[in-house]
Amino acid sequence: MTTTQLSRSALLATAFMFALAGCSSVNLDEQKPAPIVDAAPVTATKTDSDPRAVAPVDAQAGRGLDPLNDPNNPLSKRSVFFDFDSFVVKSEYQPIVQTHGSYLGTNKQRRVVVEGHTDERGGREYNLALGQKRAEAVKQRLMLLGVVDSQVETVSFGEEKPRGTGSNEEAWAQNRRADLNYR
Amino acid sequence: MCATVFLAPLPTPVLAQLQVQITGVGSQQFPIAIANFQRDAQVPTEIDAVIRADLARSGLFKIVNAGTQPIAENASVDFADWKGRGADALAIGTVARLADGRFDVRYRLLDTVKQAQLDGLSYVSTAADMRLTAHRIADRIYEKITGERGVFATRIAYIVQTSPKSWELHIADADGFNAQAALRSREPIISPAWSPDGTRLAYVSFESGKPVVYVHSVTTGERRAVANFRGSNSAPAWSPDGRSLAVTLTREGNSQVFLMNADGSNVRRLTTSSGIDTEPAFSTDGSSIYFTSDRGGGPQIYRMPVSGGSAQRVTFNGDYNISARVSPDGKQLAYIGRRGGRLQVYVLDIASAQEVLVTDTASDESPSFAPNGRLLLYATEVNGRGILASASTDGRVRTRLSGPSGDIREPTWGPFIK
């Protein structure tokens, strides 16, 4: 063992002791059950001085993140919801369709499957056909925006894959939808 | 007879049996006594109890108490005594173990009024086939008394969803016993349909991420996708000769009815509407196809020639009629109608256009005729859970089949097996 290595170990040991001193300690004998306080949860705020802070870094940031995988990109919204017994893409969902339409229009290599769904009311096969109508309605809008037929497949799950599982309007509203799934 | 039928050992764990509950009876019931069969200690199945349960479930028989004393097939019977007990017919029998381990089952059906034998047969049955033998005897009794073929030895298929990620295609005896899983999947399975010879099932499976029509050979488990076109593929229906399948495809846009060979070849479009055409069902003579269409607004049932062409509307009551099935004699149509928010099974006499409501439940789906046309099997909900139920086509007799767990749905009654 050389002198240099010795002194480096000593330095590390000292640093470790300082780090320990920085931690607060609690005498076990003085520990009491934490009082139960009825209060709003406090959100901890990270500061530069927090020694346990972890700053997230995206390795792909600034190097062409796939917009489909970016939660901040409007393309991350991929569901269009419908009224009962309706296949009309409501105005509030047209921006979503528009966003995907222009993305697909400029990225002709991308393929999307539009999956139609219905709520549980009615027959299974008829609902499969209703879900198909919803998927088809979204496809027609996409094609008006310049998307070509071969980029879009429409399929239906009918009532078979509900997102909301209750038998109430809240669940049904979640299930009357068309999802855009990129392949 | 039964000796020629070998059931393979169960490839899967034995499934929990369905429970039968009779909720209605026919107005005229034939009084019959089924005596306990004389049997050796080693006989596994209470063959007489299975026969009694079958006949009772049909709603057409009143089972007269025959006491606990077994009566052998060759015993002499005091006809007047049985007539006095209220039984117009009496069945007696013997089950004896053979040297090779199988069983000799002998039965006689006696008319206590005419004091004559109506039927007498012997079967050689394995232990595994004993329930089937009992169903066959029940079928004989049913036919001798009513003049129609019994359906107790037929089978049913249905779908069970056991969890949010688990679907199974089951095949069971008509009384719900001997349920076996023919297919298990983590994606939905819907719309099973028996081939006319009872050897294959067509169905829709979502296992590839979209609806695809498969044909599945029941005994071998061999299966192939016969309609896997762009878009959705669904609603398979067999032609009466088993050579063709009508299916719903969306490869040209919305759901439309197509005809293809049973192997998936020679696909041609039958309907050309701008809306939904689906759920094809062949007429009994194979010359026309009934289907559901929303061409007039809400869904109604229409009929067209099997070659396609102009369609005639068949249902006119209510604004929602779907899932048509044709009776084996071709004279009736069963379907689901929605009236006042209730989805129920209706039976239409095609010639007179008279419609009869046959169920007392409110969320009915998937009606299917028994091969003798007497009963309809359908799916419904009780306490939020899917169960199977049956009703006589006049609506008088109703029974329920419920399993211990899981949602049961999409039943389809299989054909007579030779």
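Respectively, the protein sequence lines represent chains G and E.
Under the numbering used here, residues 1 to 183 are what the first sequence spells out, in order.
Under the numbering used here, residues 184 to 601 are what the second sequence spells out, in order.
The C-beta atom is built at its ideal place from N, Cα and C for all residues, glycine as well.
None of the values given here were measured: they were computed from a predicted structure.
Quick check on DSSP: helix, strand or coil for residue i?
{"i": "Ile96 (chain G)", "result": "helix"}
{"i": "Thr356 (chain E)", "result": "What sits at residue 356 (chain E) in the sequence shown is Asp, not Thr. Residue state, collapsed to three classes: strand."}
{"i": "Thr431 (chain E)", "result": "strand"}
{"i": "Phe262 (chain E)", "result": "helix"}
{"i": "Asp590 (chain E)", "result": "strand"}
{"i": "Arg338 (chain E)", "result": "strand"}
{"i": "Tyr126 (chain G)", "result": "helix"}
{"i": "Ala562 (chain E)", "result": "strand"}
{"i": "Ala545 (chain E)", "result": "coil"}
{"i": "Asn416 (chain E)", "result": "strand"}
{"i": "Ala239 (chain E)", "result": "helix"}
{"i": "Ser49 (chain G)", "result": "coil"}
{"i": "Gly567 (chain E)", "result": "coil"}
{"i": "Val401 (chain E)", "result": "coil"}
{"i": "Glu169 (chain G)", "result": "helix"}
{"i": "Val395 (chain E)", "result": "strand"}
{"i": "Gly276 (chain E)", "result": "strand"}
{"i": "Pro74 (chain G)", "result": "helix"}
{"i": "Ala321 (chain E)", "result": "helix"}
With 8 angstroms set as the bound, which would you pick, yes or no: does the beta-carbon of residue i sit closer than that to a beta-carbon of chain E?
{"i": "Gly123 (chain G)", "result": "yes"}
{"i": "Gln132 (chain G)", "result": "yes"}
{"i": "Glu136 (chain G)", "result": "yes"}
{"i": "Val154 (chain G)", "result": "As written in the sequence, residue 154 (chain G) is Thr, which differs from the Val given in the question. By this cut-off, Thr154 (chain G) is an interface position."}
From residue i to residue j, what distance separates their C-alpha atoms?
{"i": "Leu304 (chain E)", "j": "Glu256 (chain E)", "result": "10 angstroms"}
{"i": "Thr382 (chain E)", "j": "Asp424 (chain E)", "result": "13 angstroms"}
{"i": "Ser346 (chain E)", "j": "Ile372 (chain E)", "result": "13 angstroms"}
{"i": "Val147 (chain G)", "j": "Asn107 (chain G)", "result": "9 angstroms"}
{"i": "Thr154 (chain G)", "j": "Arg78 (chain G)", "result": "14 angstroms"}
{"i": "Asn127 (chain G)", "j": "Asp446 (chain E)", "result": "26 angstroms"}
{"i": "Ser241 (chain E)", "j": "Ser551 (chain E)", "result": "16 angstroms"}
{"i": "Ser471 (chain E)", "j": "Val226 (chain E)", "result": "49 angstroms"}
{"i": "Val409 (chain E)", "j": "Val430 (chain E)", "result": "10 angstroms"}
{"i": "Gly414 (chain E)", "j": "Val278 (chain E)", "result": "56 angstroms"}
{"i": "Leu292 (chain E)", "j": "Arg235 (chain E)", "result": "13 angstroms"}
{"i": "Tyr352 (chain E)", "j": "Gly597 (chain E)", "result": "Rather than Tyr, the amino acid found at residue 352 (chain E) in this sequence is Leu. The straight-line gap from Cα to Cα measures roughly 14 angstroms."}
{"i": "Phe612 (chain E)", "j": "Ala137 (chain G)", "result": "This structure cannot speak to residue 612 (chain E), because chain E is shown only from 184 to 601."}
{"i": "Gln174 (chain G)", "j": "Glu115 (chain G)", "result": "14 angstroms"}
{"i": "Gln602 (chain E)", "j": "Thr467 (chain E)", "result": "Look at the range of chain E in this structure, 184 to 601, and you will see that residue 602 (chain E) is not part of it."}
{"i": "Tyr306 (chain E)", "j": "Arg280 (chain E)", "result": "12 angstroms"}
{"i": "Ala507 (chain E)", "j": "Val528 (chain E)", "result": "10 angstroms"}
{"i": "Trp172 (chain G)", "j": "Thr118 (chain G)", "result": "8 angstroms"}
{"i": "Leu603 (chain E)", "j": "Asp271 (chain E)", "result": "Past the boundaries of the shown model lies residue 603 (chain E); chain E is included only from 184 to 601, so the question cannot be answered."}
{"i": "Val387 (chain E)", "j": "Ser76 (chain G)", "result": "31 angstroms"}
{"i": "Gly330 (chain E)", "j": "Glu462 (chain E)", "result": "33 angstroms"}
{"i": "Ala274 (chain E)", "j": "Leu301 (chain E)", "result": "10 angstroms"}
{"i": "Thr542 (chain E)", "j": "Gly359 (chain E)", "result": "20 angstroms"}
{"i": "Arg124 (chain G)", "j": "Gly131 (chain G)", "result": "10 angstroms"}
{"i": "Gly524 (chain E)", "j": "Val497 (chain E)", "result": "21 angstroms"}
{"i": "Gly480 (chain E)", "j": "Leu540 (chain E)", "result": "23 angstroms"}
Establish whether the CB of residue i and some CB of chain G are separated by less than 8 angstroms.
{"i": "Ser415 (chain E)", "result": "yes"}
{"i": "Cys185 (chain E)", "result": "Because the pLDDT at Cys185 (chain E) is just 38, under 50, the model does not fix this residue reliably, and the value given afterwards should be weighed accordingly. Judged by the 8 angstroms Cβ criterion, Cys185 (chain E) is not in contact with chain G."}
{"i": "Ser511 (chain E)", "result": "Sequence check: residue 511 (chain E) is Pro here, not Ser. Not one chain G Cβ lies under 8 angstroms of Pro511 (chain E)."}
{"i": "Ala418 (chain E)", "result": "yes"}
{"i": "Thr475 (chain E)", "result": "yes"}
{"i": "Ile570 (chain E)", "result": "no"}
Report buried or exposed for residue i, applying the criterion of at least 16 other Cβ atoms within 10 angstroms of its Cβ.
{"i": "Ala545 (chain E)", "result": "exposed"}
{"i": "Gln363 (chain E)", "result": "buried"}
{"i": "Asn444 (chain E)", "result": "exposed"}
{"i": "Leu144 (chain G)", "result": "exposed"}
{"i": "Asp322 (chain E)", "result": "buried"}
{"i": "Asn555 (chain E)", "result": "buried"}
{"i": "Asp577 (chain E)", "result": "exposed"}
{"i": "Gln439 (chain E)", "result": "buried"}
{"i": "Val26 (chain G)", "result": "Any answer about Val26 (chain G) is weak, because its pLDDT of 45 lies below 50 and its placement is not dependable; what the coordinates show is given next. The residue in question, Val26 (chain G), is exposed, as its Cβ has fewer than 16 Cβ neighbours within 10 Å."}
Under 8 angstroms between C-beta atoms, does residue i make it to chain A?
{"i": "Leu128 (chain G)", "result": "Looking for chain A here will not work: the only protein chains present are G and E."}
Determine the chain G residues that contact residue i at a beta-carbon separation under 9 angstroms, and present them in chain order.
{"i": "Ala553 (chain E)", "result": "What Ala553 (chain E) touches in chain G: nothing, since even the nearest Cβ is about 21 angstroms away."}
{"i": "Glu462 (chain E)", "result": "Gly123, Glu125, Tyr126 and Ala129"}
{"i": "Ser506 (chain E)", "result": "Gly123, Arg124, Glu125 and Tyr126"}
{"i": "Pro594 (chain E)", "result": "Chain G residues near Pro594 (chain E): none, gap ~12 angstroms exceeds 9 angstroms."}
{"i": "Thr433 (chain E)", "result": "Ala129, Gln132, Ala135, Glu136, Thr154, Val155 and Ser156"}
Quick one: which chain G residues come within Cβ less than 8 angstroms of residue i?
{"i": "Pro371 (chain E)", "result": "Phe157, Glu160 and Lys161"}
{"i": "Lys348 (chain E)", "result": "Residues of chain G passing the Cβ test: none, with the nearest at roughly 11 angstroms."}
{"i": "Asn437 (chain E)", "result": "Ala129, Gln132, Lys133 and Glu136"}
{"i": "Ser374 (chain E)", "result": "Arg124 and Glu125"}
For a contact defined as C-beta to C-beta under 7 angstroms, what are the partners of residue i on chain G?
{"i": "Glu604 (chain E)", "result": "The requested residue 604 (chain E) is not part of the displayed model; chain E covers only 184 to 601."}
{"i": "Pro482 (chain E)", "result": "Tyr126"}
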